[in-house]
Amino acid sequence: MRNTALIIVDDLADWQPYHPSQSVMSAREYMQQAGARHRGTIINLCADLSYLSTGYYVSLLAEARGQRALPSAGVMNDLANLDHYQLFLRDMSRQLNRYSNSERASILICFGQTESSELTELARHLFEAYPCPTLQATFIRNGQNWTIEKLSNRPLNELNDEQQTLFANALDAFNKRVWRKARARKEYRYDLAILHDPDEKIPTSDKKALQKFIQAARYNDMDSELITADDYSRLLEFDALFIRETTRINHHTYRFAKKAQANGLVVIDSPEAILKCANKVFLHELLEKNKVPMPRSELLIDGDNLDYAAIGDKLGYPVVLKIPDGAFSIGVEKASNEDELRATANRLFEKSTILLAQEFMRTDFDWRIGVLNNRAVYACKYYMARNHWQIYNHAESSRHRSGDFECMGVHQVPKEVIKVALQATRLIGDGLYGVDMKEAPGGPVIIEVNDNPSIDHGVEDLHLSDELYRIIMADFVRRLEH
1 MRNTALIIVD
11 DLADWQPYHP
21 SQSVMSAREY
31 MQQAGARHRG
41 TIINLCADLS
51 YLSTGYYVSL
61 LAEARGQRAL
71 PSAGVMNDLA
81 NLDHYQLFLR
91 DMSRQLNRYS
101 NSERASILIC
111 FGQTESSELT
121 ELARHLFEAY
131 PCPTLQATFI
141 RNGQNWTIEK
151 LSNRPLNELN
161 DEQQTLFANA
171 LDAFNKRVWR
181 KARARKEYRY
191 DLAILHDPDE
201 KIPTSDKKAL
211 QKFIQAARYN
221 DMDSELITAD
231 DYSRLLEFDA
241 LFIRETTRIN
251 HHTYRFAKKA
261 QANGLVVIDS
271 PEAILKCANK
281 VFLHELLEKN
291 KVPMPRSELL
301 IDGDNLDYAA
311 IGDKLGYPVV
321 LKIPDGAFSI
331 GVEKASNEDE
341 LRATANRLFE
351 KSTILLAQEF
361 MRTDFDWRIG
371 VLNNRAVYAC
381 KYYMARNHWQ
391 IYNHAESSRH
401 RSGDFECMGV
411 HQVPKEVIKV
421 ALQATRLIGD
431 GLYGVDMKEA
441 PGGPVIIEVN
451 DNPSIDHGVE
461 DLHLSDELYR
471 IIMADFVRRL
481 EH
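Structural data, given as structure tokens:
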């Protein structure tokens, strides 16, 4: 069954102004259903959401039953303790100044929508921060600046005719299945959002691969939809999130992952994995502490009296310099002598206060081991771009932007390579990772661990074909059922 919202009200009479639906249940009936296994979101419309109230227990039981509650018990607690902190919303005062000349303003927000067009963005941001179906937000003015005085749940039975229309339309947009007859289409057990950027220059999955993921999701009884950064407010419509866009910490990909995890969605990759993998300095410290083999490395801190001669002597030339959050070989440069090392470091210090210096290891190719749930699932050799020392050549004049590749079965990879790859990913989590490695005379070493590895049609899937996509989608289902 496709996931529909189950609406919980104090009394079924509260629902009389709206379209009749089998997806509406009283709070008492819901709480008495021991072990209820509804697959969709529980929309809690109880009037009282205070601690230990009926509304509080509805959401608490939903979460205990493995269901997603809106609002969650955590959101209820945040609303109750709003006076302990002040939420900052971008351009809040500018929007409210356009809306009101009074000293106080109050608006109703239903699923992130409000009647006032001037406050559309503000309403969306408040719903994203406090996912509650009906929010009454009160603001007070101090000169030209506004602050939030109170945020509270607005009981359904207190809405007038105009507000009931706003609520019904907003709910309709949030979950059309509650209101409209089912279309003649296959019903799926789960809904998966695939976050991508159609304009990304080097996407983590090309268009054909994204379609393969959609097909594999349906094969595994999940409906899936491609979403973009503009769909942040729609995230709670889904059961799971698959990020197929280059991740960064100060970026919407991280915010998507955080919101998905906080609201009980299955998410690959998790915000913790993004945090650990996206910064090479963090990853270096983590691997070093746990004695995972790496190239000889040293952290360079801007402002220190750096002894570049000693660094060159220790690591040997050429020295590779990396900014912490580069991806696809961007922000990775090579210095062949002390003067180049000093000049390159000074230039990169303009982007980051810490750099990672590593010994250069000349190899014809890098290994990429794809790991999912602590199991190696695919393997590739990425050869260096022609006349270049990296897999990717970002020089404008280059006709050969990337090197050749060879995809193979995991069983064809040296066992020690797989062993070291898994040693590294166990420190990150159980998500989907791409481990970049080199084979050195002393054994394989980790270059980096990618939390959002490239999976392109005709490259990483060349050995397993459609089965690679099915394996990944099947793991989503396993996590959802768990």
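So the sequence shown is residues 1 to 482, counted in UniProt numbering.
All C-beta atoms in this analysis are idealised placements derived from N, C-alpha and C, irrespective of residue type, glycine included.
If I measure Cβ to Cβ from residue i and keep anything under 7 angstroms in the same chain, skipping five residues before and after, which residues do I get?
i	result
L462	C407
A168	Y18
F174	F111 and E237
G316	E359
According to the neighbour-count rule (16 or more other Cβ atoms, all chains shown, within 10 Å of its Cβ), is residue i buried or exposed?
i	result
E245	buried
Y51	exposed
Y30	buried
I301	exposed
K259	buried
G143	exposed
Q95	buried
A440	exposed
Q358	buried
G442	exposed
R68	buried
T247	buried
L151	buried
K207	exposed
Tell me the DSSP secondary structure of residue i in three-state form.
i	result
Y433	strand
D466	helix
R375	strand
G317	Per the sequence shown, residue 317 should be read as Tyr rather than Gly. It is coil, neither helix nor strand.
L96	helix
Y308	helix
S297	strand
L427	coil
D269	coil
Y383	strand
C277	helix
E396	Only weak support exists for where E396 lies, its pLDDT of 49 falling under 50; the value from the coordinates is given anyway. Three-state DSSP puts E396 in coil, outside helix and strand.
D366	strand
V449	strand
F360	coil
I418	helix
V459	coil
residue 502	With the chain represented from 1 up to 482, any question about residue 502 goes unanswered, as that position is not in the structure.
L355	strand
I471	helix
L159	coil
R154	coil
N145	strand
Q136	strand
Shortest alpha-carbon distance to residue i belongs to which of the options?
i	options	result
V449	S152, A260 and R368	R368
residue 490	V266, C46, S72 and F282	Here the chain covers residues 1 to 482 and nothing more, so residue 490 does not appear.
K438	I311, L464 and Y383	Y383
P271	G429, G66 and L135	G429
L195	D239, F238, A229 and S116	A229
E121	Y232, L61 and F238	Y232
G312	E338, N101 and L355	E338
V435	L372, V9, N101 and S23	L372
F256	E288, A129, D11 and S454	A129
W146	F127, S100 and Y188	S100
V332	I455, R342, L355 and V377	L355
V24	I7, Q33, K208 and D11	I7
G264	L480, A27 and Q22	L480
A273	A262, H284 and Y254	Y254
R296	S336, I446, T204 and D366	I446
D304	R342, A62 and S224	R342
F349	L299, D364, I243 and A216	L299
For residue i, which residues from the same chain have a beta carbon less than 8 angstroms from its beta carbon, with the 5 sequence-adjacent residues on both sides left out?
i	result
R98	E118
K374	According to the sequence provided, residue 374 is Asn. The question's Lys does not apply to it. The residues are L422, T425, R426 and D430.
N279	I249, P324 and D325
D221	Y188, R189, Y190 and V477
E416	G443 and P444
Leaving out five residues on either side along the sequence, give the residues of the same chain with a beta carbon under 6 angstroms from the beta carbon of residue i.
i	result
A379	I369, M408, V410 and V413
K212	Y469
D14	L156 and N157
Q164	P17
V320	K334, Q358 and F360
L286	L427
A209	I455, D456 and H457
V377	G370 and I471
R234	none
Kindly indicate if chain D contains any beta-carbon less than 8 angstroms away from that of residue i.
i	result
L135	Although the question refers to chain D, the structure presented lacks it and comprises just one protein chain.
Run through the segment 177-252 for me and flag every whole beta strand (DSSP E) of 3 or more residues, listed as ranges in chain order.
-> 190-195, 222-227 and 240-243
Whole alpha helix (DSSP H) elements within the segment 3-52, 4-residue minimum = 27-32
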